[in-house]
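These protein sequences, in sequence, are chains W and F.
Heads up: the first sequence begins at 4 in our numbering, then just goes up one per residue.
Heads up: the second sequence begins at 4 in our numbering, then just goes up one per residue.
Worksheet for the structure shown next.
Number of protein chains: 2
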Amino acid sequence: MAAMTRYQIELTPSCGCKLDIGWAYRLYAALLEQLSPEQAQQIHEAPVAPLGQHLRFEAGRWIWEIGLLGEQGEQFLRPVLEQTDVYSLKDGAIKLRAKILQQETIDSLENLLEISPAKGCQHELYFRTPTAFKSQGEYLNLPSAKLLLQSLVKKWNGNFPECQIEDTDGEGLVVMSHRLHFQVFSLKSQRFWLKGKAVTGFTGKIVLEDRNQGFHSELVNALLYFSQFSGIGIKTALGMGGVEYRR
Amino acid sequence: MAAMTRYQIELTPSCGCKLDIGWAYRLYAALLEQLSPEQAQQIHEAPVAPLGQHLRFEAGRWIWEIGLLGEQGEQFLRPVLEQTDVYSLKDGAIKLRAKILQQETIDSLENLLEISPAKGCQHELYFRTPTAFKSQGEYLNLPSAKLLLQSLVKKWNGNFPECQIEDTDGEGLVVMSHRLHFQVFSLKSQRFWLKGKAVTGFTGKIVLEDRNQGFHSELVNALLYFSQFSGIGIKTALGMGGVEYRR
């Protein structure tokens, strides 16, 4: 079962302290602390993390977006998210009150294919937190259609072993990316601080025009819709690559 | 002899007509009209154009930046540029008065290597007109370090057959690009109209940090300095890919 759920959660700090997008890493740690050591280890060591999450400041509030992917996400993390009213950071020095504002569950691949079709061939991606890629051992901090799709397929396949997107020779991805055009964009560099080290990514907007047809077009629709749950690129479980998607 | 010259020319239209960056294409045609048919054909059919040029509006003036590359640039185009006071566009309906504001000549590879070293490892590239790439049959309208260097090496090798940058297996380029980081950037899409068709490219700024050393670092310095003469990416002879370089 290809299930996934995403939550939009408002966080209110107990003290007057200032949050930062980099605190997403602390929230990740706070989440894992509430699991059994075995569950926490499984999630932390998963080759592809069963979650994507990021923090953003919007209209005077801190919003935590978190998507849970596949079995581990559903079984281990969902109960924690739905039962936790207060997250404790920095060994309890800071407490964040959590209020779920919205949630969306997709309970099967069929369900995703049903709701993901775009009205036209245009897709809008808003990269809300710094996004970067790793390809052939190299960090890349600007996107290409191929890097976007490659990252989403990897996150999909890593979390839904029972319904793999098969493309062993990579040819399908190449064809799909050639037909996915960056029509309008505005991107700028932004640093993400992770344990004292800066990773430079990009934030901003891309309007994609999809000239794929048939199955390829359906797959592009599904993958882009999925990006809201998974994030895009590297370190999406720790706060990078947070994406908003509009059609 | 690896000679190249670039000019900064102020253009003043005879009428009150409004120029546009797409008029660079008309200036290209006006230039070739002043050559013998054989010379014009040689330039027009060259696999890599012996010039890069673009138009930009700056502080209330239209500035034409044009770089001449190699033998054809020097022998055919230089005399035209230095002797023309008025360019005639649209079959003579529009006349542009031309005044050379600045020029810079580099007369040998040694000369280029002498003046190109950066003070630190930072390089600033300002993409003044829409820039795009073609790689493996695909249009790409966002850059990567590899696409930048690849384009410059191609323009270099196409115009200076007597001092080729040799990298038959492409390994040198891969190593150099891995060590050339996009540290700060701000890029947005912009369309370039060419004979009624729009090509989407990017404009904006990239601060590059070069972590190459020795010969590779010297080569990066030389290629980036060269970009002011050649432009970067596709259709640089027609007004796209116009670059300003600062160290």
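Glycine included, C-beta positions come from ideal geometry on N, C-alpha and C.
Handout entry: Test item: CB-CB of Y8(F) and L99(F) under 8 angstroms
Key = Here residue 8(F) refers to the residue found at position 5 of the second sequence. Here residue 99(F) refers to the residue found at position 96 of the second sequence. The sequence given here has Thr at residue 8(F), not Tyr. Taking 8 angstroms as the Cβ cut-off, T8(F) and L99(F) do not qualify as a contacting pair.
Handout entry: Best match in I66(W), L150(W), G217(W) and C124(W) for proximity to Q106(W) [C-alpha to C-alpha]
Key = Against the first sequence, residue 106(W) aligns to sequence position 103. Ranking the options by Cα distance to Q106(W), first place goes to I66(W).
Handout entry: Exposed unless 16 or more other CB atoms sit within 10 angstroms - verdict on Y90(F)
Key = Your numbering for residue 90(F) matches position 87 in the second sequence. The residue is buried, with at least 16 neighbouring Cβ atoms inside 10 Å.
Handout entry: Residues within the segment 189-215 of chain F neighbouring chain W, beta-carbon criterion of under 7 angstroms
Key = S189, L190, K191, S192 and T203
Practice task
Please confirm whether Q56(F) and Y31(F) have their CB atoms less than 8 angstroms apart.
Solution key: Here residue 56(F) corresponds to residue number 53 of the second sequence, with the count starting at 1. Here residue 31(F) corresponds to residue number 28 of the second sequence, with the count starting at 1. For Q56(F) and Y31(F), yes; Cβs fall inside 8 angstroms.
Problem - Where the beta strand (DSSP E) through S91(W) begins and ends - result: Numbered from its first residue, the first sequence carries residue 91(W) at position 88. Where S91(W) is concerned, the enclosing beta strand (DSSP E) stretches over V89 to L92.
Problem - Residues near F79(F) by beta carbon distance below 7 angstroms, same chain, minus five either side - result: As a working note, residue 79(F) is residue 76 in the second sequence. The answer, listed in chain order, is L38, Q42 and I46.
Problem - Sheet register partners of K149(W) (DSSP bridge) - result: Position 146 of the first sequence holds residue 149(W). Beta-bridge pairing links K149(W) to no other residue.
Practice task
Verify the CB distance criterion: does E174(W) have a CB-CB separation below 8 angstroms to chain F?
Solution key: Position 171 of the first sequence, counting from 1, holds the residue named residue 174(W). Not one chain F Cβ lies under 8 angstroms of E174(W).
Handout entry: Span separating the alpha-carbon of N224(W) from that of D110(F)
Key = The sequence position of residue 224(W) within the first sequence is 221, counting from 1. The sequence position of residue 110(F) within the second sequence is 107, counting from 1. Roughly 54 angstroms between the two C-alpha positions.
Problem - DSSP three-state assignment for E212(F), whether helix, strand or coil - result: Numbered from its first residue, the second sequence carries residue 212(F) at position 209. Correct three-state label for E212(F): strand.
Handout entry: Endpoints, the beta strand (DSSP E) within which Q56(F) is located
Key = Locating residue 56(F) in the second sequence gives position 53, counting from the first residue. Residues L54 to E61.
Exercise for the section: Mind checking the segment 114-140 of chain F against chain W and listing, in chain order, the residues whose C-beta falls within less than 9 angstroms of any C-beta there? Expected result: Q139 and G140
Handout entry: Assigned secondary structure, F136(F) (DSSP; H/G/I helix, E/B strand, else coil)
Key = Start at 1 with the first residue of the second sequence, and residue 136(F) comes out as number 133. The answer is strand: DSSP assigns F136(F) an E or B state.
Handout entry: Cut-off 6 angstroms between Cβ atoms - residues of its own chain near R214(F), not counting five sequence neighbours on either side
Key = For this step, residue 214(F) is matched to residue 211 along the second sequence. Answer for R214(F): R182, listed in chain order.
Problem - Proximity to S230(F) [Cα-Cα], best of C20(F), P164(F) and Y129(F) - result: Counting from 1 along the second sequence, the entry for residue 230(F) is found at position 227. Among C20(F), P164(F) and Y129(F), the Cα nearest to that of S230(F) is on Y129(F).
Problem - A1(F) classed as buried or exposed, judged by whether at least 16 other C-beta atoms fall within 10 angstroms - result: Residue numbering for chain F in the displayed model covers 4 to 250; residue 1(F) lies beyond these limits and cannot be assessed.
Exercise for the section: Taking only beta carbons into account, state which residues of the segment 87-116 of chain W come closer than 7 angstroms to chain F, listed in chain order. Expected result: none
Practice task
Say yes only if the C-beta of V83(F) is nearer than 7 angstroms to one or more non-hydrogen atoms of the ligand GDP, and no if none qualify.
Solution key: The model on display carries no ligand, and the ligand GDP is accordingly not part of it.
Problem - Any chain F beta carbon closer than 8 angstroms to L143(W) - result: Taking the first sequence and counting its residues from 1, the one referred to as residue 143(W) is at position 140. With 8 angstroms as the cut-off, L143(W) counts as an interface residue toward chain F.
Handout entry: C-beta contact flag for Y28(W) and G217(W) at 8 angstroms
Key = Mapped onto the first sequence, residue 28(W) falls at position 25. Mapped onto the first sequence, residue 217(W) falls at position 214. It is not a contact, given that the beta carbons lie outside the stated cut-off.
Problem - Distance between I237(F) and G207(F) (C-alpha atoms, nearest Å) - result: By one-based count along the second sequence, residue 207(F) stands at place 204. By one-based count along the second sequence, residue 237(F) stands at place 234. Approximately 17 angstroms, taken between the alpha carbons.
Handout entry: Range covered by the alpha helix (DSSP H) that runs through P82(W)
Key = Locating residue 82(W) in the first sequence gives position 79, counting from the first residue. Residues R81 to Q86.
Problem - Cα-Cα separation, Q86(F) to G173(F) - result: As a working note, residue 86(F) is residue 83 in the second sequence. As a working note, residue 173(F) is residue 170 in the second sequence. Taking the straight line joining both Cα atoms gives about 42 angstroms.
Handout entry: Extent of the continuous beta strand (DSSP E) run through G175(W)
Key = Numbered from its first residue, the first sequence carries residue 175(W) at position 172. Looking at the DSSP string, G175(W) is not in any beta strand (DSSP E); the run it does join, the alpha helix (DSSP H), is E174 to H181.
Handout entry: Proximity of L58(F) and W26(F) at Cβ, strictly below 8 angstroms
Key = For the purposes of this step, residue 58(F) is taken as the residue at position 55 of the second sequence. For the purposes of this step, residue 26(F) is taken as the residue at position 23 of the second sequence. Their beta carbons are under 8 angstroms apart, which means L58(F) touches W26(F) by this criterion.
Practice task
Assign F60(F) to buried or exposed, taking buried as 16 or more other Cβ atoms, counted over all protein chains shown, within 10 Å of its Cβ.
Solution key: Reading the second sequence from its first residue, position 57 is the one you call residue 60(F). Result: exposed.
Handout entry: Residues of its chain near K157(F), where Cβ-Cβ distance is below 7 angstroms and the 5 sequence neighbours each way are ignored
Key = Working through the second sequence from its first residue, we reach residue 157(F) at position 154. The answer, listed in chain order, is V51.
Handout entry: Residues of its chain near T239(F), where Cβ-Cβ distance is below 6 angstroms and the 5 sequence neighbours each way are ignored
Key = Locating residue 239(F) in the second sequence gives position 236, counting from the first residue. Excluding positions up to five away in sequence, the list reads G55.
Exercise for the section: Flag this pair as yes or no: are the beta carbons of F185(F) and A135(F) separated by less than 8 angstroms? Expected result: Counted from its first residue, the second sequence places residue 185(F) at position 182. Counted from its first residue, the second sequence places residue 135(F) at position 132. Against a cut-off of 8 angstroms, the Cβ pair of A135(F) and F185(F) comes out as no contact.
Problem - First through last residue of the beta strand (DSSP E) which encompasses L14(W) - result: Here the question's residue 14(W) lines up with position 11 in the first sequence. L14(W) -> beta strand (DSSP E) spans M7 to P16.
Handout entry: Rounded separation between T171(W) and E36(W) - CA only
Key = As a position in the first sequence, residue 171(W) is number 168, starting the count at 1. As a position in the first sequence, residue 36(W) is number 33, starting the count at 1. So the two alpha carbons sit approximately 37 angstroms from each other.
Handout entry: Between the CA atoms of R194(W) and P82(W) - distance to the nearest angstrom
Key = Translated into positions along the first sequence, residue 82(W) becomes position 79. Translated into positions along the first sequence, residue 194(W) becomes position 191. Roughly 32 angstroms between the two C-alpha positions.
Exercise for the section: With a 10 Å radius around its C-beta and 16 neighbouring C-beta atoms as the bar for buried, classify A62(F) as buried or exposed. Expected result: Along the second sequence, one-based indexing puts residue 62(F) at 59. Counting Cβ neighbours within 10 Å, A62(F) comes out exposed, since fewer than 16 surround it.
Exercise for the section: Would you tell me roughly how many angstroms separate the C-alpha atoms of V187(W) and L211(W), rounded to the nearest one? Expected result: The residue labelled residue 187(W) in the question sits at position 184 within the first sequence. The residue labelled residue 211(W) in the question sits at position 208 within the first sequence. Going by the C-alpha atoms only, they are around 7 angstroms apart.
Practice task
Evaluate Q153(F) with the Cβ neighbour count: other Cβ atoms within 10 Å of its Cβ, from every protein chain shown; 16 or more gives buried, anything less gives exposed.
Solution key: Locating residue 153(F) in the second sequence gives position 150, where the first residue counts as 1. That one is buried.
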